[in-house]
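If you want this note's numbering, it's the position in the sequence shown, counting the first as 1, plus 856. Don't be surprised by glycine CBs; every beta carbon is placed ideally from N, CA and C. Structure first, commentary second.
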Amino acid sequence: MISFEPLEKKIGYSFKNKEYLQIALTHSSYANEKHNAVESNERFEFFGDSILSFITAEYLFKTYPDLTEGELSKMRSSLVCEWSLAEFSKELGVGMYLFLGKGELHSGGRERESILENTFESLVAAIYLDGGIEEAKKFVLRFISRPVSKEVIDHKDCKTVLQEVIQQNPDQSVTYVVVDESGPDHNKSFTVEVHLNSNPIGRGTGRSKKQAEQAAAKEALSLMGL
857 MISFEPLEKK IGYSFKNKEY LQIALTHSSY ANEKHNAVES NERFEFFGDS ILSFITAEYL
917 FKTYPDLTEG ELSKMRSSLV CEWSLAEFSK ELGVGMYLFL GKGELHSGGR ERESILENTF
977 ESLVAAIYLD GGIEEAKKFV LRFISRPVSK EVIDHKDCKT VLQEVIQQNP DQSVTYVVVD
1037 ESGPDHNKSF TVEVHLNSNP IGRGTGRSKK QAEQAAAKEA LSLMGL
């Protein structure tokens, strides 16, 4: 059985129940190959996303009492966007510990941003389930309490920027619609349209719905000349 000890040292937490860590590192492509005899990290990803959002919101709320709701939202988006979370996973060397299906493994899954992002969220859930909210906070705050680098600031969350533009007119709203989904589970591709009051204003494709939504928002901003 693979030893997780080096990863646990980097995480800064030793799991009492190693199964939580193993689940957090198990991609759906691997679980599918095993005919779901093992659990994938999809449920952990869902739970971890909410825990991460709460911890980040609490930290920003207490640290920046003078910022407005909009400014806090924008900062949170920068801190926990796909790119940021993928970078955190890379820093921990998570990729080499992932359980991936053969197709995902051969197509570069260990370095894929969407997988690394989801794994970071899954790790947050695993730590919470094993050690509680305080241990989860210790882990998350190691990353989000750093001074926000120019690189993070420059890595714009296009969905947030587009929302800010649209909000200038209270009668307008944007929605994201998946218009196409193709490929096997381990190598899916999503196409999303962003609609302004039900009219399409941008389209994007990505390996995850989040990526596709960002791409669609980016195209919409580009067509607006932004």
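Report the partner residues of residue i according to the DSSP bridge assignment.
i, result
"S1038", "S1045"
"L997", "DSSP output for L997 lists no bridge partner at all."
"V980", "Paired residues: none, contrary to the question."
"Y1032", "V1050"
"F955", "T882"
Starting from residue i, follow the beta strand (DSSP E) in both directions and report where the run begins and ends.
i, result
"I1057", "N1055 to G1062"
Rounded to whole angstroms, how far is the Cβ of residue i from the Cβ of residue j, which I believe are closer than 8 Å?
i, j, result
"T1016", "K930", "6 Å"
"T882", "S896", "5 Å"
"G1084", "E889", "Residue 1084 lies beyond the stretch modelled for the chain, which goes from 857 to 1082, so this question has no answer here."
"G949", "K865", "In fact, because the Cβ distance is near 10 Å, the residues do not count as touching under 8 Å."
Could you tell me whether the Cβ atoms of residue i and residue j are closer together than 7 Å?
i, j, result
"A1073", "L985", "no"
"D1013", "S940", "no"
"Q1028", "N1053", "yes"
"R966", "G951", "yes"
"K993", "I911", "yes"
"E1069", "V1048", "yes"
"E977", "G904", "yes"
"I1057", "V980", "no"
"R1063", "S1001", "no"
"E938", "K1066", "yes"
"F995", "I983", "yes"
"A880", "F900", "yes"
"E898", "S909", "no"
"Y876", "F955", "no"
"S945", "L928", "no"
"Y953", "L1079", "no"
"I1022", "V1033", "no"
"V1050", "A1071", "no"
So the alpha helix (DSSP H) residue i belongs to, where does it begin and stop?
i, result
"E960", "K958 to H962"
"R1002", "R1002 -> no alpha helix (DSSP H), and no H or E assigned at all."
"Q1019", "C1014 to I1022"
"F944", "E938 to L948"
"S933", "E925 to L935"
"E1075", "K1065 to L1079"
List in chain order: all unbroken alpha helix (DSSP H) runs of 4+ residues lying wholly within the stretch 863–908. 874–880 and 884–889
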